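Written below as structure tokens is the structure these notes are about.
Protein chains: 2
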Amino acid sequence: MRASDRAYATLRSDIINWRLTPGTVLGEVELSERLSVSRTPIREALAKLTAEGLSEPQSGRGVVVSEISLDHLEELFELRAALECKAAELAAQRRDPVIFLALYEKLSNAGELITAQDPDRADYYQLAGELDSAVDAAVGNHYLNLALKNLRVHLVRVRRLSKDNPVRLRDAAREHAAIALAIAHGNPAVASAATTVHLDNSLRHLLSTAS
Amino acid sequence: MRASDRAYATLRSDIINWRLTPGTVLGEVELSERLSVSRTPIREALAKLTAEGLSEPQSGRGVVVSEISLDHLEELFELRAALECKAAELAAQRRDPVIFLALYEKLSNAGELITAQDPDRADYYQLAGELDSAVDAAVGNHYLNLALKNLRVHLVRVRRLSKDNPVRLRDAAREHAAIALAIAHGNPAVASAATTVHLDNSLRHLLSTAS
DNA sequence: CATCTCAACTATGTATACATAGGGCTTGTT
DNA sequence: AACAAGCCCTATGTATACATAGTTGAGATG
Chain H
7 MRASDRAYAT LRSDIINWRL TPGTVLGEVE LSERLSVSRT PIREALAKLT AEGLSEPQSG
67 RGVVVSEISL DHLEELFELR AALECKAAEL AAQRRDPVIF LALYEKLSNA GELITAQDPD
127 RADYYQLAGE LDSAVDAAVG NHYLNLALKN LRVHLVRVRR LSKDNPVRLR DAAREHAAIA
187 LAIAHGNPAV ASAATTVHLD NSLRHLLSTA S
Chain S
7 MRASDRAYAT LRSDIINWRL TPGTVLGEVE LSERLSVSRT PIREALAKLT AEGLSEPQSG
67 RGVVVSEISL DHLEELFELR AALECKAAEL AAQRRDPVIF LALYEKLSNA GELITAQDPD
127 RADYYQLAGE LDSAVDAAVG NHYLNLALKN LRVHLVRVRR LSKDNPVRLR DAAREHAAIA
187 LAIAHGNPAV ASAATTVHLD NSLRHLLSTA S
């Protein structure tokens, strides 16, 4: 594996998991020492992060970890609504019913995954990720998938702005199940509407519990 | 200005204007000689182009100008519909009526801009760009604007796949005028619908006249 | 004659040295 | 004491040298 890829993966993970907080200066020299590679791969990694929007040029000199705050939340969800509603619509037109019926079943029982034993909700988020992947595959649109991928980076970051509580997660799982069912039924309008409802609930919850 | 920025701008323009055709190998050494800079800024430029989707890694070694074909057209327009309809909706809710009424007037008379004297339709496309910019400004959503910006790069490239004829451009100008008017009136549903109609017409035209 | 293997060359990945610009600190003057 | 100006330091921008991997071509063997 290339050193620049390792540096990129490390920094990306550090930013997404808030080990590097917004506003942190990403100095080339400091990073090259910390990650034990020369400045060249570090520069490459920083360029990729900046292209993704995880870091920003700082007034012409150096880059900093980009801000993510409540102001960005509503903007982020406007884009999310546009992309995910369209994706749900197209998926409903092109889906394999078997796949989405199976996901519907799993999501309907997702309440069991949310236990005190798993404080990070890794199982739950993995299942939600499976739905996303299935939608992406059904849509089969390279450009739409790319836009969604870019968006999800920021959504993962924003998750840390609020405490997720078990009640909301169980509701969210039910909403996901409703989306999967509408797609399985091949009903674009309902799939899009269910997505709109889910996103509105998610945004309200995030705004109400944000720290 | 930084050498890497110049290299990036030059290459970007060359790709968008089809001076570098899809599939062309972008060798670092060759480019550094042609543009008279060292490989370092060239690498930076290629990384940005690849992040934008204008070039792609070629099986692990080197990058090539990315393909753009009729297959991509329909995918591109699905994403475009999602983003531009949402943008039109939000613009209608947040617009300054004066600005969009003025654009409506200009677009209504845009037929005069399409003359034999201007084979590149520079004036027409500039006016269309003004509408895009006004919508972006009215929406005021950083993430949505960024997604639209990334999309437009590919749209400009795709334009060359077809011959634009004056009749279609005059129709397109009328459709743009309708969008501007709906936004000026503050009617999100109509703005979105007018955008849907416009995009459908554009896509049909592109597909029918493609070379 | 075709195919496989080895070697050499070329292009990319990485490191480092050098140039340069911008910011901060210190000092002097008002 | 405060503000401005100049110098120094540090971090980024660029160039280049070196390492390495992949590809291509040539030669030998079946």
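Protein chains in written order, with our numbering: chain H, 7 to 217; chain S, 7 to 217. In this text, a Cβ means the ideal position worked out from N, Cα and C, and glycines have one as well. Keep in mind it's a predicted model, so treat the numbers as computed, not measured.
- From the beta-carbon of Lys-92 of chain S, the residues of chain H found nearer than 8 Å are Glu-84, Leu-85, Ala-87 and Ala-88.
- CA-to-CA, the gap between Glu-90 of chain H and Pro-47 of chain S works out to about 37 Å.
- Among the bridge pairs identified by DSSP, Val-35 of chain S is matched with none.
- In this structure, the alpha-carbon of Arg-67 of chain H lies about 15 Å from that of Ser-10 of chain S.
- Positions of the beta strand (DSSP E) runs, each at least 3 residues long and wholly inside the segment 64 to 130 of chain S, are given as 69 to 71 in order along the chain.
- DSSP places Thr-56 of chain S in the uninterrupted alpha helix (DSSP H) bounded by 45 to 58.
- For the C-beta of Leu-150 of chain S, the chain H residues within less than 8 Å are, from N- to C-terminus, Glu-81, Glu-84, Leu-85 and Ala-88.
- Residues of the segment 38 to 60 of chain S whose Cβ lies closer than 8 Å to any Cβ of chain H, in chain order: Thr-46, Arg-49, Glu-50, Ala-53, Lys-54, Ala-57, Glu-58 and Gly-59.
- In this model, Leu-76 of chain H and Leu-167 of chain H are separated by some 8 Å (Cα to Cα).
- Residue state for Ser-19 of chain S is assigned as helix, using DSSP reduced to three classes.
- Following the DSSP letters along the chain, one finds Asp-206 of chain S inside the alpha helix (DSSP H) bounded by residues 194 to 215.
- By the rule that beta-carbons nearer than 8 Å mark a contact, Ala-190 of chain H does not touch chain S.
- Straight-line measurement puts the Cα of Ala-13 of chain S at about 48 Å from the Cα of Glu-181 of chain H.
- A residue is called buried once 16 or more other Cβ atoms fall within 10 Å of its Cβ, and Ala-195 of chain S, having fewer, is exposed.
- Chain S has no Cβ within less than 8 Å of the Cβ of Leu-109 of chain H.
- At a cut-off of 8 Å between beta-carbon atoms, Ala-13 of chain H makes no contact with chain S.
- Between the alpha carbons of Asp-177 of chain H and Leu-212 of chain H lies a gap of roughly 14 Å.
- The beta carbons of Val-159 of chain H and Leu-37 of chain H sit no closer together than 8 Å.
- When H:Ser-42, H:Lys-169, H:Ala-88 and H:Thr-202 are compared, the shortest CA-CA separation from Asp-126 of chain H is found for H:Lys-169.
- Nearest neighbour of Pro-28 of chain S by Cα position, chosen from S:Pro-63, S:Glu-34 and S:Glu-39, turns out to be S:Pro-63.
- Rounded to the nearest whole angstrom, the CA to CA distance from Asp-20 of chain S to Thr-30 of chain S is 11 Å.
- For Ala-153 of chain S, a Cβ of chain H is located within less than 8 Å of the residue's own Cβ.
- The continuous alpha helix (DSSP H) containing Asp-177 of chain S extends over residues 172 to 190.
- Here Glu-62 of chain S is bridged, per DSSP, to S:Val-70.
- Cβ-Cβ distances below 6 Å link Thr-215 of chain H to Ser-168 and Lys-169 in the same chain, with the five nearest sequence neighbours on each side left out; the list follows chain order.
- Exclusion of the five residues before and after Leu-161 of chain H leaves Leu-82 and Arg-86 as the residues of its chain whose Cβ lies within less than 8 Å of its Cβ.
- No residue range can be given for Lys-169 of chain S, since it is assigned to no alpha helix (DSSP H) and is classified by DSSP as neither H nor E.
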